[in-house]
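Residue numbers (our numbering): 1 to 113.
Note that the Cβ used here is the ideal one computed from N, Cα and C, for glycine as well.
This one's a predicted model, so the numbers in the text were calculated from it and none came from an experiment.
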Amino acid sequence: MDFVELLLRYLHLLGFAAVVGGWFTAWLSKRYKINTAMLYGIAAQLATGIVLYGLAGEDANHAKLGVKFLLALLLAVMIAVPWWKKRKTVAPGHFWAIGGMALVTAGVAVFWS
Ligand code: HEM
């Protein structure tokens, strides 16, 4: 694996940390609010993930990456829309769905080989 691919994978992990870390911070402070870490994190996941997918070439697991892409796209909408509307908080179901889907996406990345 060349350096660019390793760098992208590293940035992909930082994006993952931002989405999940941002979500945990909101949860632990008992405020169901979208924060900047979650917004930038999901943008980083989509950007780095799509390039990583491209670099994987013929070896890519298209079913796995397709599922990840759809989950990440849904997450991006669920994070970006309340952010743009400057919502102070989101409904509890919406908030828990974001955390659950982010963790499921990471699970798909790790367990679906
Ligand atoms: C919330 C969104 C996402 C999360 C939490 C996430 C999480 C992860 C994690 C934990 C890894 C493992 C890294 C490693 O083992 O070194 C990974 C790898 C990877 N991700 Fe994502 N990811 C997300 C979105 C995406 C998207 C949208 C794509 C593109 C379709 C993508 C494509 C990849 C690729 C190509 C790899 C490396 C190869 C592999 O493990 O299959 N990811 N991701």
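Counting only the same chain and skipping the five closest in sequence on each side, list residues whose C-beta sits under 6 angstroms from that of residue i.
i, result
"Leu71", "Met101, Thr105"
For residue i, tell me which candidate among the options has the shortest Cα-Cα distance.
i, options, result
"Lys68", "Arg87, Glu5, His12", "His12"
"Asn61", "Lys88, Phe111, Leu28", "Phe111"
"Leu28", "Trp83, Phe3, Glu58, Phe95", "Phe95"
"Val19", "Asp2, Ala63, Ala44", "Ala44"
"Ser113", "Ala63, Arg87, Lys88, Trp83", "Ala63"
Is DSSP giving residue i helix, strand or coil here?
i, result
"Val20", "helix"
"Thr89", "coil"
"Trp96", "helix"
"Ala47", "helix"
"Asp59", "helix"
Excluding sequence positions up to five away, which residues of its chain have a Cβ less than 7 angstroms from the Cβ of residue i?
i, result
"Gly22", "Asn35, Ala37, Met38, Gly41"
"Pro92", "Tyr32"
State the CB to CB distance for the pair residue i and residue j, rounded to an integer number of angstroms; the pair is presumed to be in contact (CB under 8 angstroms).
i, j, result
"Leu46", "Ala76", "6 angstroms"
"Ile98", "Ile79", "6 angstroms"
When you compare the CB positions of residue i and residue j, do they come within less than 7 angstroms of one another, or not?
i, j, result
"Tyr32", "Val90", "yes"
"Leu73", "Thr48", "no"
"Glu5", "Leu55", "yes"
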